[in-house]
Amino acid sequence: MKMTSKLMAGAATLAIAVTGALPAMAAEKWDMPMAYSASNFHSENGVAFADCVRDATGGEIDITVHPGGSLFAGADIKRAIQTGQVQIGERLLSGHQNENAVFGFDSVPFLAPSFDDSAKLFEAAKPKLEEVLAEQNLTMLYAVPWPPQGLYFNKEVNSIDDMKGIKFRSYSNATSRLAELTGMLPVTIEAAEISQAFATGVAESMISSGATGYDRKVWESLSHFYEVDAWLPYNYVMVNNDVWSGVSDANKAAITGCAEEAASRGLQASKEYTQFTMDGLAAGGMTVQPAGDELMSGLRDVGATMTAEWLEAAGEDGKAIVDGFKAMQ
Ligand code: PCA
């Protein structure tokens, strides 16, 4: 009896000595692929989110961010998370418009062209979006908008006619459709690859934010950026639901808190980057200015067609999102 308790006490001391030398619990390692360059504000925000999660979970969840499409290319990230090849990751929401039109709510031209409007549109779309994602074994943790989208060219462009035949880099169904409706030739290229595509002439134009043109130094190949404020597409961070359901309640709360901080920090960065990166494009030698009246009116016609097409494709869900958004205004 005495001997046993002595042995047990000894074993307990030994256990304390051993576990004391290790972290309280082995850290769970999560890989987080992201599609955009390490210096992009979404990627920097992702790293800050991972740091927050490491701190807030007392080191129990250790996220490694892989920016620039280095672990999975942008187009493959969502599937990698759904199938459990990675636990968590970030992707451009409208990159999945071909799966479900709901994913393209943020790329309806001129529907919500400011930061304030796009935040309302996102709130209106969130319940439906979460429902669609849940059916795909995914939980959205946070989402951050890109700055407003404008048009890049390697020449002066004053009308839709001037756009005919131009090779256009697209990043989603909506951007490909915009090219078709303006007589351009769309080719889908990830942001990580665009510097080369412009340098080699594979593409001569794109719609994107000042941020992406700035990140990729497109002034080396392109000459004009026209502010159009067509839409503000979102990037979102999602986690695999099997992984998420295995997380303790305390760690779920910690991660959700970090996600809320990341959403507001990312939004702030996106706002600040809007002017900063347009100034950067101009400093690189580009002409940066609002699109002229004739070009804008042509784009508005194209936008009306795209809006009708999206409403048709998104059906009741699309109508509910737009109605919910309009009710907030
Ligand atoms: N940059 C991303 C998507 C929207 C944006 O501003 C890109 O061009 O791929």
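Numbering-wise, the sequence shown is residues -26 to -1, 1 to 303 according to mature numbering (1 follows the signal peptide of the UniProt record, and there is no 0). By construction, the Cβ of each residue, glycine as well, lies at the ideal position given by its N, Cα and C atoms.
- Query: Would the C-beta of P119 count as close to the ligand PCA, meaning under 6 Å from any of its heavy atoms?
  - Reply: Result no, Cβ not under 6 Å from the ligand PCA.
- Quick one: complete alpha helix (DSSP H) runs, 4+ long, within the segment 165 to 251? The segment 165 to 251 contains these whole alpha helix (DSSP H) runs: 168 to 173, 184 to 189 and 215 to 219.
- Item | 3-residue-minimum beta strand (DSSP E) runs that sit fully inside the segment 109 to 140, ordered along the chain | Within the segment 109 to 140, the complete beta strand (DSSP E) segments of 3 residues or longer fall at 112 to 119 and 124 to 127, listed in chain order.
- Just grab the DSSP bridge partners of H40 for me. In the DSSP output, where bridge partners are listed per residue, H40 has P7.
- Task: In angstroms with no decimal places, state the Cα-to-Cα distance between A98 and D80.
- Result: Near 11 Å, if we compare the C-alpha coordinates of D80 and A98.
- Item | Reference A12; option with closest CA among V217, D189 and M252 | Looking only at V217, D189 and M252, the smallest Cα-Cα distance to A12 is reached by D189.
- Would the beta-carbon of F199 fall within 7 Å of that of Y126? A contact, by the Cβ cut-off of 7 Å.
- Query: How about A165: is its Cβ closer than 6 Å to a heavy atom in the ligand PCA?
  - Reply: Look at A165: its beta carbon is less than 6 Å from one of the heavy atoms in the ligand PCA.
- Exposed unless 16 or more other CB atoms sit within 10 angstroms - verdict on M(-24): Interpretation of M(-24) is limited by its pLDDT of 42, a score under 50 that renders its predicted location unreliable; the figure taken from the coordinates is listed afterwards. Exposed, by the Cβ-count rule.
- Rounded to a whole number of angstroms, what is the C-alpha to C-alpha distance between residue 335 and I35? Residue 335 is absent from the structure shown; the chain starts at -26 and stops at 303.
- Message: Determine whether the beta carbon atoms of G175 and L255 lie at a separation below 7 Å.
- Response: Not closer than 7 Å, so no.
- Task: Run the CB neighbour count on N147, radius 10 Å, all protein chains shown included, and call it buried at 16 or more, exposed below.
- Result: N147 comes out buried.
- Query: Does the segment 167 to 182 come within contact of the segment 104 to 116, defined as at least 3 CB pairs closer than 8 Å?
  - Reply: Because the criterion of three Cβ pairs below 8 Å is not met, the segment 167 to 182 and the segment 104 to 116 do not touch.
- Task: Go ahead and label N72 buried or exposed: buried means 16 or more other beta carbons lie within 10 angstroms of its beta carbon, across all protein chains shown.
- Result: It counts as exposed.
- Query: What residues in its chain sit with their C-beta under 6 Å from that of A173, if we drop five residues either side in the sequence?
  - Reply: These residues qualify, in order along the chain: S195.
- Query: What does a CB cutoff of less than 7 Å around D275 pick up in its chain, not counting 5 residues either side in sequence?
  - Reply: Correct list: empty, nothing qualifies.
- Query: Going by alpha carbons, who is nearest to P87 out of V202, F250, L241 and I140?
  - Reply: Measuring from the Cα of P87, the nearest candidate turns out to be V202.
- Task: For Y145, verify whether its CB is less than 6 Å away from any heavy atom of the ligand PCA.
- Result: The answer is yes for Y145.
- Can you find a CB in chain D that lies within less than 7 Å of the CB of N214? Among the chains in the structure shown there is no chain D, since it carries only a single protein chain.
- Tell me whether the beta-carbon of P83 lies closer than 7 Å to the beta-carbon of M302. No, Cβ-Cβ distance for P83 and M302 is not below 7 Å.
- Below 8 Å on the Cβ atoms is my guess for V76 versus K52; work out the distance and round it to an integer in Å. Rounded, the Cβ-Cβ distance is 14 Å, inconsistent with contact.
- Looking only at its own chain, which residues have a Cβ that is under 8 Å from the Cβ of D216, when we skip the five neighbours before and after it? The residues are G58 and N111.
- Item | Pairwise C-alpha distance: Y10 and A282 | Rounded to the nearest whole angstrom, the CA to CA distance from A282 to Y10 is 31 Å.
- Could you tell me how far apart the beta carbons of A233 and Y116 are, in whole angstroms, since I believe they sit closer than 8 Å? So it is a contact: roughly 4 Å between Cβ atoms.
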